[in-house]
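Written below as structure tokens is the structure these notes are about.
Numbering (my numbering), first residue to last: 8 to 302.
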């Protein structure tokens, strides 16, 4: 939050009805709803909001401009505000059931692996052998009931509020960018023959973005920080956990979260999607470097 926004909030100014995170002292001359500079349309008397302009003269912004926006500027979609969180949980659970039904043959074909032989498969397998899809597919596989249960509970707890605050497109971008960044760091630092799987990288990205969002909204951060500390202790205290995915996902989630919720209104899209592209580009460079090391 910049200094002007902080002063506006302290002064008790209302938030724009289309951009809840932007405080303003201007209201629409017709409906009297608070509007920020991005929504102001000059009229014969004062300023009007896009909806009043369109209803009065048939002009104004495109229809999508009239839709309410989230804190991050995303369109506030109608229907279930946690739809994509539920879909992600459903996909993870469905693939876990496939793992349990088909067995190791399925899991071995899609978990994250640098470069190694796998019993039952011809030749050397892994990302270094051109199997780039493993960076993505490994995000939806799990190593047991406890593993998937913990991850899905975390996804449910974090995903719903973030989906509502960011909007569906930005929420999905955060999830996948964080997961891929966590996979890239695992690929770089873990042993080439060490398999890795799980949604933990993406979920730690949600942790990072949630911390950024709560700080932006000036909420009590102690609950999320406490839960994050517990998860980090478990990450480094227990063997068999891919700490690289957790750290990579967390760092990328913080960076993407900053880009999402602190982007200036006039360049919001450029800042938000540019941050996602930058994190993905760094992840791609890491993958290329590690591949060169292994081949």
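We put the beta carbon where it would ideally sit given N, CA and C, even for glycine.
Predicted model only: the values in this text are computed from it and were never measured.
For residue 40, collect the residues of the same chain with a Cβ closer than 8 Å to its Cβ; drop the 5 residues on either side in sequence, then sort them by chain order.
24, 34 and 56
Excluding the 5 residues preceding and the 5 following residue 154 in the sequence, name in chain order all residues of the same chain whose CB lies nearer than 8 Å to its CB.
205
Distance, Cα to Cα, residue 5 vs residue 170?
Nothing about residue 5 can be read from this structure; the chain reaches only from 8 to 302.
What does a CB cutoff of less than 6 Å around residue 279 pick up in its chain, not counting 5 residues either side in sequence?
Counting only Cβ-Cβ distances below 6 Å, and skipping sequence neighbours, we find 266, 267 and 270.
Given that a residue counts as buried once 16 or more other Cβ atoms are within 10 Å of its Cβ, and exposed if not, what is residue 108?
Residue environment analysis places residue 108 among the exposed positions, since fewer than 16 neighbouring C-beta atoms fall within 10 angstroms of its C-beta.
Note down the Cα distance separating residue 42 from residue 221, rounded to an integer number of angstroms.
For the pair residue 42 and residue 221, the Cα-to-Cα distance works out to about 24 Å.
Using only the alpha-carbon positions, how far apart do residue 159 and residue 237 sit?
17 Å
When the Cα of residue 250 is compared with those of 45, 165, 198 and 113, which residue comes out closest?
Ranking 45, 165, 198 and 113 by Cα distance to residue 250 puts 198 first.
Can you name, in chain order, every residue of its own chain whose Cβ lies under 7 Å from the Cβ of residue 196, other than the five neighbours on each side?
251
Work out the CA separation of residue 258 and residue 219 for me, nearest whole Å.
11 Å
State yes or no: is the C-beta of residue 149 within less than 9 Å of the C-beta of residue 189?
no
Give the C-beta separation of residue 134 and residue 124 to the nearest angstrom, bearing in mind that I take them to be a contact with Cβ-Cβ under 8 Å.
About 14 Å separates the CB atoms of residue 134 and residue 124; that is not less than 8 Å, and the two are not in contact.
In terms of residue numbering, what span does the alpha helix (DSSP H) encompassing residue 138 cover?
From DSSP, residue 138 is part of no alpha helix (DSSP H); its letter is neither H nor E.
So the alpha helix (DSSP H) residue 170 belongs to, where does it begin and stop?
152–173
With residue 100 and residue 272 assumed to form a contact (beta carbons below 8 Å), what rounded beta-carbon distance in angstroms separates them?
Wrong, their Cβ atoms sit about 38 Å apart, outside the cutoff.
Report the start-end ranges of each alpha helix (DSSP H) in the stretch 204–271 that is 4 residues or longer and not cut off at the edges.
207–223, 229–244 and 250–268
In angstroms with no decimal places, state the Cα-to-Cα distance between residue 121 and residue 293.
Going from the Cα of residue 121 to the Cα of residue 293 covers about 13 Å.
For residue 131, list the residues DSSP reports as bridge partners.
124
Locate the alpha helix (DSSP H) running through residue 114, then write down its first and last residues.
111–117
DSSP beta-bridge partners for residue 41?
Bridge partners of residue 41: 34.
Check each candidate in 194, 248 and 180 and name the one with the smallest Cα separation from residue 216.
The residue with the shortest Cα to Cα distance from residue 216 is 180.
Secondary structure at residue 199, three-state DSSP: helix, strand or coil?
Coil at residue 199, not helix or strand.
Am I right that residue 223 and residue 81 are in contact with their C-beta atoms under 8 Å? What's the rounded C-beta distance?
The Cβ separation is near 15 Å, so there is no contact.
Could you check what DSSP says for residue 55 in three-state terms: helix, strand or coil?
If DSSP states are grouped into helix, strand and coil, residue 55 belongs with the strands.
Quick one: residues in its chain with C-beta nearer than 7 Å to the C-beta of residue 242, no 5 flanking neighbours on either side, listed in chain order?
Closer than 7 Å at Cβ, skipping near neighbours: 248, 250 and 253.
Between which two residues does the alpha helix (DSSP H) holding residue 77 run?
Segment: none, residue 77 is in no alpha helix (DSSP H) and carries neither H nor E.
In whole angstroms, what separates the C-alpha of residue 201 from that of residue 152?
Using only the alpha carbons, I get a separation of about 21 Å.
Rounded to the nearest angstrom, what separates residue 284 and residue 234 at their Cα positions?
29 Å
State buried or exposed for residue 277, treating a residue as buried only when at least 16 other CB atoms are found within 10 Å of its CB.
Residue 277 counts as exposed, since fewer than 16 other beta carbons sit within 10 angstroms of its beta carbon.
For residue 173 versus residue 95, is the C-beta spacing smaller than 9 Å?
no
Under the assumption that residue 203 contacts residue 290 (Cβ atoms under 8 Å), give the Cβ distance between them as a whole number of angstroms.
That pair is no contact at about 15 Å.
Straight-line CA distance for residue 68 to residue 102?
Note that residue 68 scores 48 on pLDDT, short of 50, meaning its location in the model is unreliable; the coordinates nonetheless yield the value given after this. Rounded to the nearest angstrom, the two C-alpha atoms are 43 Å apart.
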